[in-house]
Amino acid sequence: MKKFLWIFISVSLPIIFFLFFMMNNNEKEKNNDQNLENSTNEEESILTAEQFIQKVLLYAKDGKVFHAPFIAGKTTWEEVQDTLGAPEKMEHTTVGDYANFSTKDLSVGIDHHLVFDIRSYHDGLANIRLNDIKKQLGEPEKITYYEDETTSEMILYYSLNDEYVIKWILPKATEQLKDPKVHHISVITKDNPGKYANLVNQMTLVEKIGQLFFIGISVDTLDDEAKRLITEQKVGGIIFFKDNLTSTSQIYALLNEINHVNSRHNRYPLFLGIDQEGGKVNRLPSEIAKIPTPLTIGSYENELFAYEYGTLLGKQLTTFGFNLNFAPVLDVNSNPNNPVIGDRSFSNHPEIVAKLGIQAMIGIQDENIIPVIKHFPGHGDTSVDSHLDLPIIRKSLHELEQLELIPFKRAISEGADVVMVAHILLPQLDDQFPASMSEKIITELLRNQLGFQGVVITDDLTMQAITKHYSIPEATIQSIQAGNDLILIAHDYDKIFASIERLKRAVESGEISEERINRSVMRILRLKEKYQLKSQPIENGNIQELNQSIIKILSKYNK
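The numbering used here numbers the first residue of the sequence shown as 1 and each following residue consecutively.
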């Protein structure tokens, strides 16, 4: 017994001492961290202005501010949210979207899910004055001024290196205030949305408004009305349906003529888009091998197959010179009586739709085709076809978050470029306007809560879900006010011309601000540049090779 007790003590004592040491060490580390934080705060309060400027610059040259872990040009919006949670406020400006975290003395500018601007409002910055900055850094490379009813600021610009610029923002110097204190600083990437603001500032109002319209054409040639919409109204995109695309040779002739006309009259290329989902939603002529329905793809629950399905859709479009696909469908087909979604959905389970839909989206992107995820916030639980009337979904936001929103949230976090918003009335979110015309759903939910920074497009405004309740020109105005960037009007030239004219009048009268139009145009131009869209001749592709690649990939997955 004594021998056993001795062995127990011999084994246990080292373990007890080790655990005590680790607990004590962890407590010391916590205290050290706290002391470091306190000492940093104390240090900032006793730093001279010269020392504080050096500290600011030490961090800023690496794209940081001294009291936050984020790096401009590298940190993603998702990483900011993981660290700080939801912002207290979102602001949509002409140079990007800003998330404000006033309790952290921070504001973060986001462009396509990436931080490009970090603004610090730290109290210690007030120790620095205008003359301190000039004495330490010399004259700024540029000074700009900002004024409104409540603010009069001067902004001093200094380049730090090839990547970053620091801006010092102070009250405007006057005879009464000759040496103002710093209000805040901004560390910004040199490749930032400001360049798109400059492009937009060079555009006429006609050019800006034209970019917001994605229109359809009536026949399989470029008729006079369509030419006028390109040459005079400067439309931003064209959608093509099966009636517009009768043979492979006709497609090349039509798209080449469109690109030729656009290149002669407009400085920016067109979106050339179709609904190419696979299955029954197939716009290409019979010479092209068919791709199965999304539901068939979903039945395999194979992410690689979903990705390859996306690449095949992309290859079909690149072969002909299209650059945008109104796919993939991210609706969850949860209602068996749904008359419009059905086998266009990957599954009746949100996790499967999310997993496979994202892979399809990435596959399309990898072929340099712009994917459009649809139909936000979810068309799967409707019993009415929105082509015929306005569906109503009486779910709360909490219920939507448990099902419909899951695929969209995931796709947004994985870099979705464009979201199409459905013509669905959700009375618990907005009892006045359908989702496609609702500021509560587009701006408050999609942009502010889900953090989507890309392009938002309406579903086709000529669908009876809209035309039974609104005129198309008035629906256009409400859609822009709600937060859409692109207005899709797929039919009826008279309605297209009338809607463009109505939006012009709204801007000229001040009903809609030109700044609001500018924000959408910048998003559109960024997207066109990202995918390197060009109005250039399209060479005939190898249709036989395309068909063989479709057949080869599909044959791998035959059950």
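Where a beta carbon is used, it is the ideal one built from N, C-alpha and C, also for glycine. Everything numeric in this text was worked out from a predicted model, so none of it was measured.
Quiz prompt | With 16 other Cβ atoms within 10 Å as the buried cut-off, status of tyrosine 146 | solution = As a working mapping, residue 146 is identified with position 146 in the sequence shown. Result: exposed.
Quiz item: Do proline 350 and isoleucine 442 come within 8 Å of each other at the CB atom, strictly closer than that value?
Solution: As a working mapping, residue 442 is identified with position 442 in the sequence shown. As a working mapping, residue 350 is identified with position 350 in the sequence shown. No, they are not a contact pair.
Quiz item: What whole-angstrom Cβ distance do isoleucine 230 and asparagine 262 have, given they're in contact under 8 Å?
Solution: Residue numbering aside, residue 230 sits at position 230 when the sequence shown is read from its first letter. Residue numbering aside, residue 262 sits at position 262 when the sequence shown is read from its first letter. About 5 Å separates the two Cβ atoms, so the contact holds.
Quiz prompt | Residues near lysine 534 by beta carbon distance below 6 Å, same chain, minus five either side | solution = For the purposes of this step, residue 534 is identified with residue 534 of the sequence shown, where counting begins at 1. Within the same chain, lysine 534 has close Cβ partners Pro269.
Exercise. Could you give the DSSP three-state label for proline 407: helix, strand or coil?
Key: Position 407 of the sequence shown, counted from the first residue, corresponds to residue 407. In the structure shown, proline 407 sits in a helix (DSSP, three-state: H, G or I).
Exercise. May I ask you to verify whether the region 54-64 touches the region 155-175, counting CB pairs closer than 8 Å and requiring at least 3?
Key: yes
Quiz item: To the nearest whole angstrom, what separates the beta carbons of serine 436 and histidine 423, a pair I think is in contact under 8 Å?
Solution: Reading the sequence shown from its first residue, position 436 is the one you call residue 436. Reading the sequence shown from its first residue, position 423 is the one you call residue 423. Sure, about 5 Å apart at Cβ, within 8 Å.
Quiz item: Rounded to a whole number of angstroms, what is the C-alpha to C-alpha distance between glutamine 464 and threonine 476?
Solution: Start at 1 with the first residue of the sequence shown, and residue 464 comes out as number 464. Start at 1 with the first residue of the sequence shown, and residue 476 comes out as number 476. Taking the straight line from one Cα to the other gives about 15 Å.
Quiz item: Candidates Leu125, Ile209 and Val108: which alpha carbon is nearest proline 180's?
Solution: Here residue 180 is taken as the residue at index 180 of the sequence shown, counted from 1. Here the closest residue by C-alpha is Leu125.
Exercise. Quick one: which unbroken beta strand (DSSP E) runs of 3-plus residues sit fully inside the region 435-468? Chain order, please.
Key: 455-458
Exercise. Tell me whether tyrosine 470 sits in a helix, a strand or coil according to DSSP, three-state version.
Key: Locating residue 470 in the sequence shown gives position 470, where the first residue counts as 1. It is coil, neither helix nor strand.
Quiz item: Is the region 484-494 close to the region 455-470, with three or more CB pairs under 8 Å?
Solution: yes
Exercise. Specify whether the region 90-105 and the region 132-149 touch according to this definition: at least 3 beta carbon pairs, one from each stretch, less than 8 Å apart.
Key: no
Self-check item: Span separating the alpha-carbon of aspartate 519 from that of arginine 267
Solution: Along the sequence shown, read from residue 1 onward, the residue named residue 519 stands at position 519. Along the sequence shown, read from residue 1 onward, the residue named residue 267 stands at position 267. According to the sequence shown, residue 519 is arginine rather than aspartate. The straight-line gap from Cα to Cα measures roughly 18 Å.
Exercise. Could you spell out the range, first to last residue, of the alpha helix (DSSP H) harbouring alanine 253?
Key: Residue mapping note: residue 253 aligns to position 253 of the sequence shown, counting from 1. Residues 248-265.
Quiz item: Can you list the alpha helix (DSSP H) stretches of 4 or more residues lying completely in the region 312-377, in chain order?
Solution: 350-366
Quiz item: Quick one, are the C-beta atoms of isoleucine 466 and isoleucine 215 less than 8 Å apart?
Solution: Within the sequence shown, numbered from 1, the residue matching residue 466 stands at position 466. Within the sequence shown, numbered from 1, the residue matching residue 215 stands at position 215. Their beta carbons are not under 8 Å apart, which means isoleucine 466 does not touch isoleucine 215 by this criterion.
Quiz item: Does DSSP put glutamate 414 in a helix, a strand or coil?
Solution: For the purposes of this step, residue 414 is taken as the residue at position 414 of the sequence shown. In this structure, glutamate 414 counts as coil in the three-state DSSP scheme.
Exercise. Assign asparagine 131 to buried or exposed, taking buried as 16 or more other Cβ atoms, counted over all protein chains shown, within 10 Å of its Cβ.
Key: Here residue 131 corresponds to residue number 131 of the sequence shown, with the count starting at 1. Classification of asparagine 131: exposed, given that the 10 Å Cβ count is below 16.
Practice problem: Put serine 120 into one of helix, strand or coil per three-state DSSP. | Solution: To locate residue 120, count along the sequence shown from 1; it is residue 120. Three-state result, serine 120: strand.
Quiz item: Going by Cα to Cα distance, which pick from Gly85, Ile370 and Met420 is closest to aspartate 331?
Solution: Along the sequence shown, one-based indexing puts residue 331 at 331. If we check each option's Cα against that of aspartate 331, Met420 comes out closest.
Self-check item: Nearest to alanine 506 (by Cα), restricted to the options Ser479, Thr151, Ser383 and Tyr493
Solution: The residue labelled residue 506 in the question sits at position 506 within the sequence shown. Cα-wise, what sits closest to alanine 506 is Ser479.
Quiz item: Whole-angstrom Cβ separation of asparagine 577 and proline 473, contact assumed at under 8 Å?
Solution: The structure shown does not extend to residue 577, since the chain is modelled only from 1 to 559, so the question has no answer here.
Quiz item: At which residues does the alpha helix (DSSP H) containing alanine 49 begin and terminate?
Solution: The residue given as residue 49 occupies position 49 in the sequence shown. Where alanine 49 is concerned, the enclosing alpha helix (DSSP H) stretches over 49-60.
Exercise. Kindly indicate which residue of Phe452, Ile188, Phe241 and Gln136 has the alpha-carbon position closest to the one of asparagine 161.
Key: Along the sequence shown, read from residue 1 onward, the residue named residue 161 stands at position 161. The option with the nearest alpha carbon to asparagine 161 is Ile188.
Self-check item: isoleucine 53 versus tyrosine 158 - alpha carbon distance
Solution: For the purposes of this step, residue 53 is identified with residue 53 of the sequence shown, where counting begins at 1. For the purposes of this step, residue 158 is identified with residue 158 of the sequence shown, where counting begins at 1. One C-alpha to the other measures close to 13 Å.
Exercise. Report all residues from its chain with a CB closer than 6 Å to the CB of glycine 310; omit the five preceding and five following residues, and keep chain order.
Key: Numbered from 1 along the sequence shown, position 310 holds the residue referred to as residue 310. Result list for glycine 310: Ala360, Gly363 and Ile364, in chain order.
Practice problem: At 3 residues or longer, and completely inside the region 59-109: list those beta strand (DSSP E) runs for me, N to C. | Solution: 89-93 and 96-101
Practice problem: Along the beta strand (DSSP E) that carries methionine 154, what are the first and last residues, could you check? | Solution: Residue 154 sits at position 154 when you count from the first residue of the sequence shown. Per DSSP, methionine 154 belongs to the beta strand (DSSP E) from 152-159.
Quiz item: Counting along the chain, where does the alpha helix (DSSP H) carrying histidine 398 start and finish?
Solution: Numbered from its first residue, the sequence shown carries residue 398 at position 398. That run of the alpha helix (DSSP H) goes 397-402.
Quiz item: In three-state terms, what does DSSP make of proline 285?
Solution: Translated into positions along the sequence shown, residue 285 becomes position 285. Here proline 285 sits in coil by DSSP.
Exercise. Could you check what DSSP says for serine 520 in three-state terms: helix, strand or coil?
Key: Counted from its first residue, the sequence shown places residue 520 at position 520. Three-state DSSP puts serine 520 in a helix.
Self-check item: Buried or exposed (CB count within 10 angstroms, at least 16 for buried), isoleucine 46
Solution: Here the question's residue 46 lines up with position 46 in the sequence shown. By the 10 Å Cβ count, isoleucine 46 comes out exposed.
Practice problem: Tell me, please, which residues DSSP counts as bridged to glutamate 147. | Solution: Here residue 147 corresponds to residue number 147 of the sequence shown, with the count starting at 1. Partner(s): Ser152.
Quiz item: Is it the case that the Cβ atoms of valine 418 and glycine 451 are separated by a distance below 8 Å?
Solution: Mapped onto the sequence shown, residue 418 falls at position 418. Mapped onto the sequence shown, residue 451 falls at position 451. Contact: no.
Quiz item: From aspartate 224 to isoleucine 258, what distance separates their C-alpha atoms?
Solution: Numbered from 1 along the sequence shown, position 224 holds the residue referred to as residue 224. Numbered from 1 along the sequence shown, position 258 holds the residue referred to as residue 258. If I take the Cα positions, the gap works out to 12 Å.
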